[in-house]
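2 protein chains.
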Amino acid sequence: MIGIFDSGVGGMTVARAIEQLCPGFPLVYLGDLARTPYGSKSPAMITEYSHRNTDFLLRQGAKLIVIACNSAASAASVFLRNHYSQAIVDVIFPAVAKAASVSATGRIGVIGTRATINSGLYEQRLQDARPGCKVYSQACPLLVPLVEEGWLEQRETKMIVKRYLRPLRDKQIDTLILGCTHYPLLKKTIGPRIGRKVQIIDSSVEVALHLKTMLDNDARLRSELYAPGEPSRFFVSDIPSPVHALAENIFGRTVLLEKTDV
Amino acid sequence: MIGIFDSGVGGMTVARAIEQLCPGFPLVYLGDLARTPYGSKSPAMITEYSHRNTDFLLRQGAKLIVIACNSAASAASVFLRNHYSQAIVDVIFPAVAKAASVSATGRIGVIGTRATINSGLYEQRLQDARPGCKVYSQACPLLVPLVEEGWLEQRETKMIVKRYLRPLRDKQIDTLILGCTHYPLLKKTIGPRIGRKVQIIDSSVEVALHLKTMLDNDARLRSELYAPGEPSRFFVSDIPSPVHALAENIFGRTVLLEKTDV
């Protein structure tokens, strides 16, 4: 199975994209709702949680791990790659590759949680992928709570998005990376506020496309993971009351959430 | 020592009030920043965390436990009182007693996290304290993230506060309980939006006053807890980068935060 973890249900945008692009490859998902959000926690804490989440997914039979959470990928991807022999796919690299290739001017914006932006990982990888590019980053800590409240098009949300994006707009970026799995749900609000000419890169879609390419090019990996009849499973470490509605909203269909201790 | 726990640093409003009202009584504080916030988690999860926090404080020598977090008090106060022989003081009861006594019309509003409001505990205790009163409750899930961002007087914050308070204002309440330790920091924003005639009850201040009365009336408890030379200690289960500034802002002076695993 393909293992995917996230701090909560935001990573279901990644799971959904993988399910659509890679049919026949069952998923095992873990949303760490008992400790969500990760974006405001320390790198050491996020690394510890990511370690536990990965152990859990491997015990469930995962042969490859997707770090769907940008905060976890920022803090823990180096640690996880050093610690495990399994393939680790993180949500950051594919978005970086895409942004580096599509930007005309090399002026690239990144928005994410405080943990993601403070890590500097997007900036560092963008410099590796496209030396000399200009990267402008902005932490947007209020966007996750707004999305989790379902305030996608409220006037207050639009004002807050506008306030966060103003510095990036002033820098005349031509490409913007949505460096958090919650942000694609705000795409309609973000688009007009960053400017119609700016290309928006959705890290969830890019990681699913990257995984598809990996599977297309690697027969061994493909045969190890391909199991068409087998159903995907969705685990969460806590089930607060609004989570079913939120998960359905994000995933686009009913999902059976199984409670587990991590 | 007096043990106090909270999901994060919001409970420092309680610790500060106790320090001011009860000098000579050292505190041991635990902020569970590794799992914060509690207000969006399930009652079972919050109870488990509260149990662990209480065990930790007792191991540090606490002889009395103050549940400074409204979400924890809502979910776990009954469990903790059944499980431990030590005195458990929760942040809800004193605010309820105050509101029940000062309201002229018996029309009382309560704002808090989703966990606090969904528990119905404020409503239930208000009915016990003042049978026949009318209680109007409103979950305000975005206020904690706004306070933690330091957005205390931003235009967006004022609009969101106004939106949350509108239903309570329409009900013509004469008393409003701030049922979350973060909300006193928004008092200047809340006051004019709920209406100048509405009395605002700060659960942090009320619990400190209640504790002072307990100490004044109970010589045994007083002698057990009084230790004037001894310093208070502040533990946190994670130290994310903005926490020192936030703690100082809330506590009103520099505090040494010690990291611990709970």
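Protein chains in written order, with the working numbering: chain A, 1 to 262; chain H, 1 to 262.
All C-beta atoms, glycine included, are put in the ideal place defined by N, C-alpha and C.
Quantities reported herein were computed from a predicted structural model and do not represent experimental measurements.
Limits of the alpha helix (DSSP H) - the one that residue i falls within
i        : result
A/GLU206 : 203-217
H/TYR164 : 155-170
A/GLU148 : 143-148
A/ARG193 : 187-194
H/VAL262 : Per DSSP, H/VAL262 belongs to no alpha helix (DSSP H) and is neither H nor E.
A/THR13  : 12-21
A/SER241 : That residue, A/SER241, is in no alpha helix (DSSP H); it is neither H nor E in DSSP.
H/ALA129 : 121-129
A/ARG35  : No alpha helix (DSSP H) contains A/ARG35, which DSSP labels as neither H nor E.
H/LEU80  : 70-83
Run of the beta strand (DSSP E) containing residue i, from where it starts to where it stops
i        : result
A/ILE88  : 87-90
H/PHE5   : 2-6
A/GLN138 : 134-139
A/GLU230 : It is not in any beta strand (DSSP E) - A/GLU230 carries neither H nor E in the DSSP assignment.
H/VAL66  : 64-67
A/TYR29  : 27-31
CB contact below 9 Å: residue i versus chain H
i        : result
A/PRO242 : yes
A/SER40  : yes
A/ALA99  : no
A/ASN118 : yes
A/ARG163 : yes
A/ALA44  : yes
A/ILE108 : no
Nearest-angstrom Cα separation, counted from residue j out to residue i
i        : j        : result
A/GLY10  : A/VAL28  : 15 Å
A/ALA99  : A/TYR122 : 11 Å
A/THR54  : H/VAL205 : 44 Å
H/GLY3   : A/VAL144 : 32 Å
H/PRO192 : H/GLY109 : 15 Å
A/LYS134 : A/ALA104 : 12 Å
A/ALA50  : A/ALA227 : It should be noted that the sequence gives Ser, not Ala, for residue 50 of chain A. Straight-line Cα distance between these residues: approximately 26 Å.
A/LYS162 : H/PRO37  : 26 Å
A/GLN127 : A/LEU152 : 32 Å
H/VAL89  : H/MET214 : 10 Å
A/ALA247 : A/MET12  : 7 Å
A/PRO23  : A/LYS212 : 10 Å
A/PHE5   : A/GLN86  : 15 Å
A/ILE92  : H/VAL14  : 41 Å
A/ALA62  : H/GLU224 : 54 Å
H/HIS210 : H/PRO94  : 6 Å
A/VAL323 : A/ALA208 : With chain A covering 1 to 262 only, the question about residue 323 of chain A has no answer from this structure.
A/LEU142 : H/LYS41  : 18 Å
A/ARG155 : A/GLU258 : 35 Å
H/SER203 : A/SER232 : 46 Å
H/LEU64  : H/PRO43  : 23 Å
H/ILE200 : H/LEU21  : 20 Å
Chain A contact for residue i (CB, 9 Å cutoff)
i        : result
H/ALA76  : no
H/ASN53  : no
H/ARG155 : yes
H/MET12  : no
H/ILE250 : no
H/ARG193 : no
H/ILE111 : no
H/ALA115 : yes
H/ILE4   : no
H/ILE160 : yes
Residues bridged to residue i [DSSP beta-bridge criterion]
i        : result
A/LEU178 : A/ILE111 and A/ASP202
A/ILE173 : Paired residues: none, contrary to the question.
A/PHE56  : Bridge partners of A/PHE56: none, in fact.
H/GLU248 : Note: H/GLU248 sits in no beta bridge, so no partner.
A/LEU256 : Beta-bridge pairing links A/LEU256 to no other residue.
A/PHE234 : A/TYR29 and A/LEU257
Closer than 8 Å between beta carbons: that is the criterion. Which residues of the region 24-35 of chain H meet it against chain A?
So the close ones are LEU33, ALA34 and ARG35.
Can you give me, in chain order, the residues of the region 59-73 of chain H that have a beta carbon less than 8 Å from any beta carbon in chain A?
Flagged: no residues at all.
Short of 9 Å Cβ to Cβ, which residues in the region 125-151 of chain H face chain A?
For the region 125-151 of chain H, which is checked against every Cβ of chain A, the residues closer than 9 Å are PRO141, LEU142, VAL144, PRO145, LEU146, GLU148, GLU149 and TRP151.
Between the region 218-242 of chain A and chain H, which residues of the former have CB atoms less than 9 Å from a CB of the latter, in chain order?
Answer set for the region 218-242 of chain A: SER237, ASP238, ILE239, PRO240, SER241 and PRO242.
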